[in-house]
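Mapping of the sequence shown onto my numbering: residues 1 to 322, in sequence order. All residues carry an ideal CB built from backbone N, CA and C; glycine is no exception. Here the structure is a predicted model, which means the values were calculated and not measured. Right, one structure below, let's go through it.
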Amino acid sequence: MEQPILGIHHVTAIASDPQRLLDFYTGVLGLRLVKRTVNFDDPGTYHLYFGDQTGLPGTLLTFFPWPTAGRGRRGVGQVDVTALAVPEQSLSYWEDRLRSADVPVELSGKRFNEEVLTFADPDGLKLELVATPQEEGRGASRPWQDASVPTRHAIQGFHSVTLCEQGYESTVEVLEMMGFRKTAEQANRFRFEVGEGGPGASVEVLCVSEAPYGRIAAGIVHHVAWRVADDASQRSWRQRLVSKHLDVTPVIDRCYFHSIYFREPGGVLFELATDPPGFGIDESIEELGETLVLPPWLEPYRQRIERVLPPLQLRKPVKEGG
Ligand code: ZN
């Protein structure tokens, strides 16, 4: 039997202006830029990773900023919304903070007994902050120590992703094969949890039979990656996926983790990514995100790559009290 899938590893989305993106995720949301690199499959584009202090899997929102990208369209076959966990008493703090940054917010009421605040990033990527009880064992995530967000209100990593699907059966069959179990449902929304469950190990399936398919561009999730413990676990999952006739890629070296990809039957691109080796592999934890780092095979092209990438300025936030 395979080692269980451990939860969400990262979510990758398309963005447009990289500086605006950087300012929003570091300055407004208080996440740390934990890696400034390029899309290994398209080295003329940045790949920017935001997360907690060390870039722990389960806290990582990553982006391919295409400066000229138009807005995409959310729809069927896509991640509809990415939800981040915040401490239970923090939603009013975040409501004020986002409003004062001119970000429209909507208190969406309770979903499965948790309060939800809905907003979008500058490219229209739909995000939620979900008020989440602080549980023992979830403490591994450490907020960015230089963030302007007070530590007691800091984003704690992922809560869940919501998949927008036309059907139910074939997607759920794959989720169940991956170890997810249904833990709640409300109208056309179904919550599944994996491993220890709870925030960071949850996915919701929203069934909308009539909605149009999405179109990928700025503000749209490109894929969601799930955590596997190590290479051996990944190999065994890969065999399992192959045996279920899912068209899975070979293992691809992403430097900070190793990845395999496949599309779930409803159309969402899934990745299984290893927890190790992590972001300390090519720069110190103190210096994460400060300079452009490239994988060894792209290092010979550094000058050419730096010429085409737009300049990026990492502004140091001013810490609020407490
Ligand atoms: Zn990925």
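Where the beta strand (DSSP E) through residue i begins and ends
| i | result |
| --- | --- |
| Leu33 | Arg32 to Asn39 |
| Glu287 | No beta strand (DSSP E) contains Glu287, which DSSP labels as neither H nor E. |
| His47 | Asp42 to Gly51 |
| His159 | Phe158 to Glu165 |
| Ala154 | Ala154 -> no beta strand (DSSP E), and no H or E assigned at all. |
Member of the options whose CA lies at the smallest distance from the CA of residue i
| i | options | result |
| --- | --- | --- |
| Val194 | Val203, Arg32, Leu163 and Ala187 | Val203 |
| Gln89 | Glu114, Gly278 and Ala101 | Glu114 |
| Gly266 | Asp282, Pro250 and Val208 | Val208 |
| Val79 | Arg235, Gly214 and Arg238 | Gly214 |
| Trp297 | Val149, Arg254 and Leu309 | Arg254 |
| Phe63 | Ala13, Pro133 and Asp52 | Ala13 |
| Pro4 | Asp275, Leu61, Leu292 and Ile285 | Asp275 |
| Arg71 | Asp41, Val161, Asp121 and Glu106 | Asp121 |
| Asp231 | Val248, Ile252, Ala211 and Leu246 | Ile252 |
| Tyr256 | Val34, Asp23 and Thr82 | Val34 |
| Ala101 | Phe190, Gly75, Arg227 and Gly30 | Gly30 |
| Ile285 | Gly51, Thr151 and Gly7 | Gly51 |
| Thr59 | Ser160, Arg304 and Gln186 | Ser160 |
| Arg263 | Leu163, Gln19 and Ser141 | Leu163 |
| Val205 | Val81, His10 and Ala154 | Val81 |
| Asp247 | Phe112, Arg227 and Phe270 | Phe270 |
| Phe40 | Ala211, Leu294, Gln313 and Gln303 | Leu294 |
| Asp146 | Val28, Thr37, Ala15 and Leu91 | Val28 |
| Tyr25 | Trp226, Leu127 and Glu169 | Leu127 |
| Phe158 | Leu292, Lys319 and Trp226 | Trp226 |
Endpoints, the alpha helix (DSSP H) within which residue i is located
| i | result |
| --- | --- |
| Glu306 | Arg302 to Val308 |
| Asp96 | Leu91 to Ser100 |
| Arg111 | It is not in any alpha helix (DSSP H) - Arg111 instead sits in the beta strand (DSSP E) that spans Glu106 to Arg111. |
| Pro87 | Pro87 -> not in any alpha helix (DSSP H); beta strand (DSSP E) instead, spanning Gln78 to Pro87. |
| Leu21 | Pro18 to Leu22 |
Residues that residue i bridges to, as DSSP identifies them
| i | result |
| --- | --- |
| Arg71 | Ala218 |
| Lys319 | Paired residues: none, contrary to the question. |
| His356 | Nothing about residue 356 can be read from this structure; the chain reaches only from 1 to 322. |
| Thr118 | Glu106 and Glu128 |
| Leu60 | His10 |
| Pro65 | Ala15 |
| Tyr25 | Answer is none; Tyr25 lacks a bridge partner. |
| Tyr213 | Val76 |
Test: residue i CB closer than 7 Å to a CB of chain D
| i | result |
| --- | --- |
| Val194 | In the structure shown, chain D cannot be found, because there is only a single protein chain. |
Report task. Could you tell me whether the stretch 85-104 touches the stretch 210-226, where touching means 3 or more Cβ pairs closer than 8 Å? Result -> Under the three-pair Cβ rule at 8 Å, the stretch 85-104 does not count as touching the stretch 210-226.
Query raised in the report: Which runs of the beta strand (DSSP E) fall wholly inside the stretch 175-211 and span at least 3 residues, in chain order?
Result: When DSSP assignments are scanned along the stretch 175-211, the uninterrupted stretches of beta strand (DSSP E) that are 3 or more residues long and fall wholly within it turn out to be 181-186, 189-193 and 202-207.
Query - Inside the stretch 225-283 only - alpha helix (DSSP H) runs reaching at least 4 residues - result: Taking only runs of at least 4 residues, the alpha helix (DSSP H) segments lying wholly in the stretch 225-283 are 231-243.
Query - Stretch pair the stretch 279-290 + the stretch 48-66: three plus CB contacts closer than 8 Å - result: The stretch 279-290, when compared against the stretch 48-66, does touch it at the 8 Å Cβ threshold.
Query raised in the report: On the three-pair Cβ rule with 8 Å, is the stretch 40-48 touching the stretch 168-188?
Result: Not touching, per the Cβ criterion.
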